[in-house]
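Counted the way my numbering counts, the first sequence spans residues 4 to 379.
For each residue, glycine too, the CB sits at the ideal point set by N, CA and C.
The structure presented is a predicted model; accordingly, all values stated were derived computationally and were not measured.
Notes for the one structure printed next.
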Amino acid sequence: MTDSTTAVDAASGSPSWLADARQRGSFRRAVRRWYARHRRDLPWRRHRSLYRVWVSEIMLQQTQAATVVPYYQRFLKSFPSVRRLALADEEQVLRAWEGLGYYRRARNLHQAAKQVVRDLQGRIPRTREQLQALPGIGRYTAAAILSFALDQPHAILEANTRRLYRRLLAASSEAGSDRSLWAFAETLLPRVRIADWNDALIDLGATLCSPRQPQCSRCPLTRWCGAFTSGDAESFGTAKPATETTPLEELAIIVESGGKVLLRERREGEWWSGLWDFPRIRLSDAESAADFDRLRSRFLQETGIEIDTAVSLPTLRHSVTRYHIRLQCLRAEADNRTDDRLRNGYRWIDREQLERLPLTATARKMAQWLSTGGVD
DNA sequence: TACGCGTGGGT
DNA sequence: TACCCAAGCGT
Numbered sequence: 004m005t006d007s008t009t010a011v012d013a014a015s016g017s018p019s020w021l022a023d024a025r026q027r028g029s030f031r032r033a034v035r036r037w038y039a040r041h042r043r044d045l046p047w048r049r050h051r052s053l054y055r056v057w058v059s060e061i062m063l064q065q066t067q068a069a070t071v072v073p074y075y076q077r078f079l080k081s082f083p084s085v086r087r088l089a090l091a092d093e094e095q096v097l098r099a100w101e102g103l104g105y106y107r108r109a110r111n112l113h114q115a116a117k118q119v120v121r122d123l124q125g126r127i128p129r130t131r132e133q134l135q136a137l138p139g140i141g142r143y144t145a146a147a148i149l150s151f152a153l154d155q156p157h158a159i160l161e162a163n164t165r166r167l168y169r170r171l172l173a174a175s176s177e178a179g180s181d182r183s184l185w186a187f188a189e190t191l192l193p194r195v196r197i198a199d200w201n202d203a204l205i206d207l208g209a210t211l212c213s214p215r216q217p218q219c220s221r222c223p224l225t226r227w228c229g230a231f232t233s234g235d236a237e238s239f240g241t242a243k244p245a246t247e248t249t250p251l252e253e254l255a256i257i258v259e260s261g262g263k264v265l266l267r268e269r270r271e272g273e274w275w276s277g278l279w280d281f282p283r284i285r286l287s288d289a290e291s292a293a294d295f296d297r298l299r300s301r302f303l304q305e306t307g308i309e310i311d312t313a314v315s316l317p318t319l320r321h322s323v324t325r326y327h328i329r330l331q332c333l334r335a336e337a338d339n340r341t342d343d344r345l346r347n348g349y350r351w352i353d354r355e356q357l358e359r360l361p362l363t364a365t366a367r368k369m370a371q372w373l374s375t376g377g378v379d
């Protein structure tokens, strides 16, 4: 190996070794040798079908593998086939997804399953174009499904491989555009054993080529790595400028009346649409949770229900994209329970139903307080 | 092209 | 504690 291995061809912007078939072969063997010894044992790699890989890939979008594992296993138990998924109610599907976030994924997956059963006799498409026509499946997911389930020759580009390729190319976030990274991935793609190849690159990116403190000393690819050669591998791992966050103050109230609690299904276009939530009020800068009379009147406006006193519960903190929400929680009794006064879609729900309904993450925590009779 | 979308793990 | 980040897609 010479010092010029990681040199970059000025015209194409790609490293000079990439044009050399022998070098590409050497690179591929290094990847495969590493994978043979270090592959992760993940449930969606055990017995692969189009359906199972599809479910796993949707769950894995923007979500770490370790987080997905228990959800994947439960989901397949509840919905073992595309037909069973298509027959399910959306509420059941969202309940199985609850806690994973990005609930649009679950609704798209459910819609797509219904489409496959209704229009395609239950046969999941086997081409990238047809897969990408289904909701929730983009270029990466289509390529992943076909390569993992059927070993079709499609390159992939996602968070792990994107970081790995940026480092290999010593590309800054501007130079390392998705267009050039996809092209790089396709040039590297071997002719056979594509599923293993794509898994290998993902595992390398996930376990060695991590965003911070990459394990270059254990990496089989340092000979070809521009970032390693530059001596500053870490700096290529993160790219995004931090977006400014906005703090929000909100109030949530558990209101009980005769064994029922007040809940509302979040509507289309709102955050957490399709999930159920306790009554929630956005507090302006001028409003304070300590001003109970004011809150009482805001609550009446929001729900149509009057409360007299309330007990404080813990304050929860959570984020939605660029908003950091401080959610103050209260518990109260309703003065009455006349359904005809309810507004904005609020409903009285049996406490036992809380187990069955899909709740937002904060609502689930509050429901736990309710069922255990206290706070952790 | 850039932003909205959720949550939990890691540091 | 308060960040950063994750097997992306849709608009």
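Q: Just the C-alpha distance for residue 468 and residue 301, rounded to the nearest angstrom, thanks.
A: Limits of the chain in this structure are 4 at one end and 379 at the other, which puts residue 468 out of reach.
Q. Would the beta-carbon of residue 60 fall within 8 angstroms of that of residue 115?
A. Result no, Cβ atoms of residue 60 and residue 115 do not sit closer than 8 angstroms.
(Q) Buried or exposed, going by whether 16 or more other CB atoms sit within 10 Å of the CB of residue 20? (A) Flag for residue 20 reads buried.
Q) What distance in whole Å lies between the Cβ atoms of residue 255 and residue 330, which are believed to be in contact at a cut-off of 8 angstroms? A) Confirmed, about 6 angstroms.
Q: Could you tell me whether the Cβ atoms of residue 263 and residue 359 are closer together than 8 angstroms?
A: Their beta carbons are not under 8 angstroms apart, which means residue 263 does not touch residue 359 by this criterion.
Q) Between 27, 309 and 324, which lies nearest to residue 248 when the distance is taken from Cα to Cα? A) Of 27, 309 and 324, the residue nearest in Cα terms is 324.
Q.
Rounded to the nearest angstrom, what separates residue 309 and residue 337 at their Cα positions?
A. One C-alpha to the other measures close to 6 angstroms.
**Q.** Range covered by the beta strand (DSSP E) that runs through residue 218
**A.** No beta strand (DSSP E) contains residue 218, which DSSP labels as neither H nor E.
Q.
Between which residues of its own chain and residue 157 is the CB-CB distance below 6 angstroms, once the five residues before and five after are set aside?
A. Cβ neighbours of residue 157 beyond the five flanking positions: 146, 149 and 150.
Q. What is the DSSP secondary structure of residue 351, reduced to helix, strand or coil?
A. Correct three-state label for residue 351: strand.
Q | Same chain, Cβ closer than 6 angstroms to residue 26, neighbours up to 5 away in sequence not counted | A | Counting only Cβ-Cβ distances below 6 angstroms, and skipping sequence neighbours, we find 20.
Q. When the Cβ atoms of the segment 120 to 131 are set against those of the segment 24 to 38, are three or more pairs found closer than 8 angstroms?
A. Cβ pair count under 8 angstroms is below three, so no.
Q) What are the start and end residues of the alpha helix (DSSP H) that includes residue 74? A) For residue 74, the enclosing alpha helix (DSSP H) starts and ends at 68 to 81.
Q.
Among the candidates 304, 100, 186 and 78, whose CA atom is the shortest distance from the CA of residue 275?
A. Nearest option by C-alpha distance: 100.
Q.
Please identify the residue among 334, 271 and 277 whose C-alpha is closest to the C-alpha of residue 292.
A. Residue 334 is the option with its Cα nearest to residue 292.
Q.
Suppose you measure from the CA of residue 72 to the CA of residue 66; what does that come to, to the nearest Å?
A. Residue 72 and residue 66: Cα-Cα distance of roughly 11 angstroms.
Q: State yes or no: is the C-beta of residue 95 within less than 8 angstroms of the C-beta of residue 46?
A: If you check the CB distance, residue 95 and residue 46 do not come in under 8 angstroms.
**Q.** Spatial neighbours of residue 167 in its chain, beta-carbon cut-off 7 angstroms, leaving aside the 5 residues before and after
**A.** Within the same chain, Cβ atoms closer than 7 angstroms to the Cβ of residue 167 are found at 204, 207, 208 and 212, the five residues on either side in sequence being excluded.
Q) Expressed to the nearest angstrom, what Euclidean distance is found between the alpha-carbon atoms of residue 122 and residue 112? A) Residue 122 and residue 112: Cα-Cα distance of roughly 15 angstroms.
Q) With which residues is residue 118 paired in a DSSP beta bridge? A) According to DSSP, residue 118 shares a beta bridge with no other residue.
Q: Could you work out which residue in 288, 313 and 235 is closest to residue 259 when comparing CA atoms only?
A: The residue with the shortest Cα to Cα distance from residue 259 is 313.
Q: Assuming residue 348 contacts residue 270 (C-beta within less than 8 angstroms), just tell me the rounded distance between them.
A: Residue 348 to residue 270, Cβ: 7 angstroms. Contact.
**Q.** Other residues of its chain near residue 109: CB distance less than 7 angstroms, five sequence neighbours each side excluded
**A.** Here the set comprises 96, 97 and 100.
Q | Residue ranges of each alpha helix (DSSP H) within the segment 250 to 301, 4 or longer | A | Within the segment 250 to 301, not a single complete alpha helix (DSSP H) segment reaches 4 residues in length.
Q: Take the Cβ of residue 365 as the centre, count every other Cβ of all protein chains shown within 10 Å, and call the residue buried at 16 or more, exposed below.
A: Within a 10 Å sphere around the beta-carbon of residue 365 sit 16 or more other beta-carbons, which makes this residue buried.
Q | Buried or exposed (CB count within 10 angstroms, at least 16 for buried), residue 199 | A | Around the C-beta of residue 199, 16 or more other C-beta atoms lie within 10 Å, and the residue is accordingly described as buried.
Q.
Which residue wins for smallest C-alpha separation from residue 85, given the options 107, 56 and 68?
A. Of 107, 56 and 68, the residue nearest in Cα terms is 56.
(Q) Between 332, 235 and 250, which has its C-alpha nearest residue 257's C-alpha? (A) Among 332, 235 and 250, the Cα nearest to that of residue 257 is on 332.
Q.
Could you pull the DSSP bridge partners for residue 320 from this structure?
A. Paired residue(s): 329.
Q. Is residue 59 helix, strand or coil by DSSP?
A. DSSP places residue 59 in helix when its eight states are reduced to three.
Q: List the whole-angstrom C-beta distance separating residue 266 from residue 106, where the pair is believed to meet the contact cut-off of C-beta under 8 angstroms.
A: Contact between residue 266 and residue 106 is ruled out by a C-beta separation of about 16 angstroms, above the 8 angstroms threshold.
Q: Pick helix, strand or coil for residue 178, following the three-state DSSP scheme.
A: If DSSP states are grouped into helix, strand and coil, residue 178 belongs with coil.
**Q.** residue 340 versus residue 88: straight-line alpha-carbon distance, rounded
**A.** About 37 angstroms.
Q) Between the Cα of residue 367 and the Cα atoms of 281, 231 and 351, which residue gives the shortest distance? A) The residue among 281, 231 and 351 with its C-alpha nearest the C-alpha of residue 367 is 281.
Q: Using DSSP bridges, identify the partner residues of residue 337.
A: Answer is 310.
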